[in-house]
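Just below is one structure, and these are the notes that go with it.
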Amino acid sequence: MLSYILNRVFRKLVPVALKNSAVCSTSKIEAGTSFLNSTMEKHSFCGYDCDINNTEIGAFCSIANNVIIGGGEHPTEWISSSPAFYRGRDSIKFKAVEIERPETKKTIIKNDVWIGRNVLIKQGVTIGNGAVVGMGSIVTKDVPDYAIVVGSPAKVIKYRFNQQLIEDILESKWWELADEELQKVSKNADKPQLFLKEIEALCLNRKY
Numbered sequence: 726m727l728s729y730i731l732n733r734v735f736r737k738l739v740p741v742a743l744k745n746s747a748v749c750s751t752s753k754i755e756a757g758t759s760f761l762n763s764t765m766e767k768h769s770f771c772g773y774d775c776d777i778n779n780t781e782i783g784a785f786c787s788i789a790n791n792v793i794i795g796g797g798e799h800p801t802e803w804i805s806s807s808p809a810f811y812r813g814r815d816s817i818k819f820k821a822v823e824i825e826r827p828e829t830k831k832t833i834i835k836n837d838v839w840i841g842r843n844v845l846i847k848q849g850v851t852i853g854n855g856a857v858v859g860m861g862s863i864v865t866k867d868v869p870d871y872a873i874v875v876g877s878p879a880k881v882i883k884y885r886f887n888q889q890l891i892e893d894i895l896e897s898k899w900w901e902l903a904d905e906e907l908q909k910v911s912k913n914a915d916k917p918q919l920f921l922k923e924i925e926a927l928c929l930n931r932k933y
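With my numbering applied, the sequence shown corresponds to residues 726 to 933, in that order.
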């Protein structure tokens, strides 16, 4: 019990490493996370001890602890995958040569995505709107909108809603609503179809 408490306290003391990045003021990144060359839109959060690199994160995303997104890749098509042969990594002191590596691919996490603990997402992957990535999954390919994926490699096990409802939600783009508007329509957040009707009514009122 004592070790658990000490671990919780120590975790909060480790600062966030934020470099060349932009995070919306209404979003939060917890201690111990490295957030490099990345962006995060409104009302999203990233848990403790994550490693986020060259990634665009949308609004209302929930990222648990110990998640790795967009990590670097070694040049397996070269004579060697060792950093002794390319520029930009100082994992070892020796450099035989410093060849420029290809630029890292941008990883895209769209809106309202839930990523479970200990997930690894390969660079260049796109996670669709409303998707859920189960705990411990390794994501090597794009994830469709509103899909639930689990495993290593991650595979779709189901979709959160039927296809028509998914299309209606995507068309609504509810995550783009102003906060005040979202509060007005959210009484039916637990009933997606009624929620969408509230948005339709809101849009009609805008016209008059």
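We treat Cβ as the ideally placed atom computed from N, Cα and C, and that holds for glycine.
If we ignore side chains and look at the alpha-carbon of each, how far apart do residue i and residue j end up?
| i | j | result |
| --- | --- | --- |
| Cys786 | Asp837 | 5 Å |
| Asn778 | Ser816 | 17 Å |
| Asn791 | Pro800 | 25 Å |
| Ala809 | Lys830 | 22 Å |
| Lys767 | Ala747 | 11 Å |
| Glu905 | Ile804 | 57 Å |
| Pro827 | Gly796 | 14 Å |
| Thr764 | Glu896 | 24 Å |
| Val858 | Glu892 | 20 Å |
| Ser752 | Lys818 | 38 Å |
| Gly783 | Cys749 | 10 Å |
From what residue to what residue does the alpha helix (DSSP H) around residue i run?
| i | result |
| --- | --- |
| Ile924 | 917-931 |
| Leu907 | 904-910 |
Which term fits residue i, buried or exposed, when burial requires 16 or more other beta carbons within 10 angstroms of its beta carbon?
| i | result |
| --- | --- |
| Asn930 | exposed |
| Thr780 | buried |
| Trp900 | buried |
Span of the beta strand (DSSP E) holding residue i?
| i | result |
| --- | --- |
| Ile891 | Taken as a continuous stretch (DSSP letters only), Ile891 belongs to no beta strand (DSSP E), being part of the alpha helix (DSSP H) at 888-897. |
| Tyr884 | 880-884 |
| Lys744 | 742-744 |
| Thr832 | 832-834 |
| Glu901 | Glu901 -> no beta strand (DSSP E), and no H or E assigned at all. |
Can you tell me the Cβ-Cβ gap for residue i and residue j, rounded? I've got them flagged as a contact below 8 Å.
| i | j | result |
| --- | --- | --- |
| Ile936 | Cys771 | This structure leaves residue 936 out entirely; the chain is present only between 726 and 933. |
| Ile873 | Tyr884 | 7 Å |
Q. At what residue ranges does the stretch 748-775 contain a whole run of the beta strand (DSSP E), taking only runs of 3 or more?
A. 759-761
Could you name each continuous beta strand (DSSP E) segment of 3 residues or more that falls completely within the stretch 796-879, going from the start of the chain to the end?
832-834, 872-875
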